[in-house]
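Input: a single structure, listed below in structure tokens.
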Amino acid sequence: MILDLHTHSIKSDDGRAKVQNYCQWIRAREIPIDGFVLTEHRQYDATSDYSSLASEFGLCILKGSEVETEYGHVLVFGVTDALLATFDFSDIRLPLQRVVEACAAHGAIPVPCHPGRKRVGMQAHVGEFGVPEGVRIVEIYNGGSRAREDEIAQTMADDLGYLGIGGSDAHIVSHIGRCATRFPATISNTPELVEALRAEDFEALTFKT
Amino acid sequence: MTINRISDVEFGEELPVFTPDTSLDNVRRFATAAGWAGPRFTDHEAARAEGLPGALVPGIMSQGFLAAMIHRWAPEAQIKNVDTVFRAPVIVDQPYTISGVVTDIDEEAGNVEIDLTVNNEAGETRVFGTATVRISNPSS
Chain A
7 MILDLHTHSI KSDDGRAKVQ NYCQWIRARE IPIDGFVLTE HRQYDATSDY
57 SSLASEFGLC ILKGSEVETE YGHVLVFGVT DALLATFDFS DIRLPLQRVV
107 EACAAHGAIP VPCHPGRKRV GMQAHVGEFG VPEGVRIVEI YNGGSRARED
157 EIAQTMADDL GYLGIGGSDA HIVSHIGRCA TRFPATISNT PELVEALRAE
207 DFEALTFKT
Chain B
14 MTINRISDVE FGEELPVFTP DTSLDNVRRF ATAAGWAGPR FTDHEAARAE
64 GLPGALVPGI MSQGFLAAMI HRWAPEAQIK NVDTVFRAPV IVDQPYTISG
114 VVTDIDEEAG NVEIDLTVNN EAGETRVFGT ATVRISNPSS
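Read top to bottom, the protein sequences are chains A and B.
Okay, so the first sequence: first residue is 7 according to the working numbering, each after it adds one.
Okay, so the second sequence: first residue is 14 according to the working numbering, each after it adds one.
Here it is, written out as structure tokens:
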């Protein structure tokens, strides 16, 4: 099963894509993914219900978040009410260690994203803050990466022994599915996604041309 | 092929790729006409002295290129908005391609949404965004 683990809809301040149009696009263009995770910036969208779209288009649509730390941006998979109560998702200066510890306590998975990017990527801050504890997975393929950003991310992952995922970081409809992650098992809900990530059996994919 | 009625628009349709003229002469003319001819737009050395990689194509000029591309495709379209996110600077004298693709059609309202992307030669997205355009059917 292939999921795009990093997407934004109009719920994000810089997102311009409606979820329905993502679904239409995936099917019309035969994008080789089975679903996607909406990781809205600095929030968890607890209210939107995409189950009817998921059913209509035969796609898995899950929700996570993208929070901001001193190490850059971090995807969070497995957000629960309990996790939401532990830190302010809208805070743009979250300590990564606090996010990592909160995720560990509440069964969620933190994944630093576009780690090769200046300012908002983890690699740019390792020199200043050191290698963070508790990170197991980073995003090594990001659909919005420029120049050598993915290469930097892969080198960092290799050097530090991290596993890698892929996500498009789509903000507009036509960018979905440019990168993704393949899992051996079928995933149909967030707990199954978290379990699959925890099993550490997945492969980052890029479809960028 | 140009589009004159919304019933001719298809979901996923790609607009003809547009190659904008980002030469220093053209940017200077635009910046001067727009009353925005600061050295960061008109002089590579002055821009580099500001820490920029070179003279910049003004954002409003990039938006103008996007609008021009839409009107080459649909000359009678009414552009309701062009909503852009600038991810990286567009540098003068460097080649770019602008792509557009239809991502939503509301025939009843006459509205079409278009994804817009400005890519450099390396295929990196410098600017992305969406446009909403109104394309009526002749009888409406």
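Glycine residues also receive a C-beta, built at the ideal position from the N, C-alpha and C atoms.
Computed from a prediction, not measured in an experiment: that's the story for all the values here.
Within 8 Å, strictly: CB atoms of residue i and residue j
i                     : j                     : result
residue 25 (chain B)  : residue 35 (chain A)  : yes
residue 56 (chain A)  : residue 95 (chain A)  : no
residue 73 (chain A)  : residue 106 (chain A) : no
residue 4 (chain A)   : residue 44 (chain A)  : Past the edges of chain A, shown from 7 to 215, lies residue 4 (chain A), and the structure says nothing about it.
residue 107 (chain B) : residue 132 (chain B) : no
residue 40 (chain B)  : residue 111 (chain B) : no
residue 151 (chain A) : residue 120 (chain A) : yes
residue 84 (chain A)  : residue 65 (chain A)  : no
residue 47 (chain B)  : residue 60 (chain B)  : no
residue 54 (chain B)  : residue 71 (chain B)  : yes
residue 37 (chain B)  : residue 140 (chain B) : no
residue 7 (chain A)   : residue 78 (chain A)  : no
residue 14 (chain A)  : residue 21 (chain A)  : yes
residue 76 (chain B)  : residue 95 (chain B)  : yes
residue 130 (chain B) : residue 143 (chain B) : no
Simplified DSSP state of residue i, which is helix, strand or coil
i                     : result
residue 28 (chain A)  : helix
residue 185 (chain A) : strand
residue 107 (chain B) : coil
residue 140 (chain A) : coil
residue 210 (chain A) : strand
residue 120 (chain A) : coil
residue 146 (chain B) : strand
residue 8 (chain A)   : strand
residue 65 (chain A)  : coil
residue 21 (chain A)  : coil
residue 29 (chain B)  : strand
residue 204 (chain A) : helix
residue 78 (chain B)  : helix
residue 13 (chain A)  : strand
residue 116 (chain B) : strand
residue 121 (chain B) : coil
residue 54 (chain A)  : coil
residue 126 (chain A) : coil
residue 137 (chain B) : coil
residue 34 (chain A)  : helix
residue 114 (chain A) : coil
First and last residue of the uninterrupted alpha helix (DSSP H) at residue i
i                     : result
residue 55 (chain B)  : 52-55
residue 63 (chain B)  : Run containing residue 63 (chain B): none; DSSP gives neither H nor E here.
residue 155 (chain A) : 155-166
residue 39 (chain B)  : 37-46
residue 128 (chain B) : First-last for residue 128 (chain B): 124-133, but that is the beta strand (DSSP E), not the alpha helix (DSSP H).
residue 102 (chain A) : 102-111
residue 170 (chain A) : Careful: residue 170 (chain A) lies outside any alpha helix (DSSP H), inside the beta strand (DSSP E) at 169-173.
residue 135 (chain A) : 129-135
residue 87 (chain A)  : 87-90
Distance between residue j and residue i (C-alpha atoms, nearest Å)
i                     : j                     : result
residue 180 (chain A) : residue 128 (chain B) : 7 Å
residue 9 (chain A)   : residue 33 (chain A)  : 14 Å
residue 76 (chain A)  : residue 148 (chain B) : 46 Å
residue 73 (chain B)  : residue 108 (chain A) : 44 Å
residue 170 (chain A) : residue 211 (chain A) : 9 Å
residue 28 (chain B)  : residue 82 (chain B)  : 8 Å
residue 87 (chain B)  : residue 46 (chain A)  : 33 Å
residue 163 (chain A) : residue 52 (chain B)  : 41 Å
residue 209 (chain A) : residue 202 (chain A) : 11 Å
residue 154 (chain A) : residue 62 (chain A)  : 38 Å
residue 39 (chain A)  : residue 112 (chain A) : 28 Å
residue 90 (chain A)  : residue 82 (chain A)  : 11 Å
residue 101 (chain B) : residue 66 (chain B)  : 11 Å
residue 37 (chain A)  : residue 30 (chain A)  : 10 Å
residue 6 (chain A)   : residue 45 (chain B)  : No information on residue 6 (chain A) is available, as it lies outside the stretch 7 to 215 that chain A covers here.
residue 142 (chain A) : residue 64 (chain B)  : 36 Å
residue 158 (chain A) : residue 122 (chain A) : 5 Å
residue 48 (chain A)  : residue 28 (chain A)  : 21 Å
residue 15 (chain B)  : residue 131 (chain A) : 50 Å
residue 57 (chain B)  : residue 22 (chain B)  : 41 Å
Counted within 10 angstroms of its Cβ, other Cβ atoms place residue i as buried (16 or more) or exposed
i                     : result
residue 91 (chain B)  : exposed
residue 148 (chain A) : buried
residue 126 (chain B) : buried
residue 184 (chain A) : buried
residue 114 (chain A) : buried
residue 174 (chain A) : buried
residue 144 (chain A) : buried
residue 20 (chain B)  : exposed
residue 146 (chain B) : buried
residue 71 (chain A)  : buried
residue 191 (chain A) : exposed
residue 156 (chain A) : buried
Opening and closing residue of the beta strand (DSSP E) in which residue i lies
i                    : result
residue 91 (chain B) : 91-99
residue 79 (chain A) : 78-83
residue 46 (chain A) : 41-47
residue 69 (chain B) : From DSSP, residue 69 (chain B) is part of no beta strand (DSSP E); its letter is neither H nor E.
Residue i: CB within 7 Å of a non-hydrogen atom of the ligand SAM
i                     : result
residue 133 (chain A) : Absence of the ligand SAM is noted for the structure shown, with no ligands found whatsoever.
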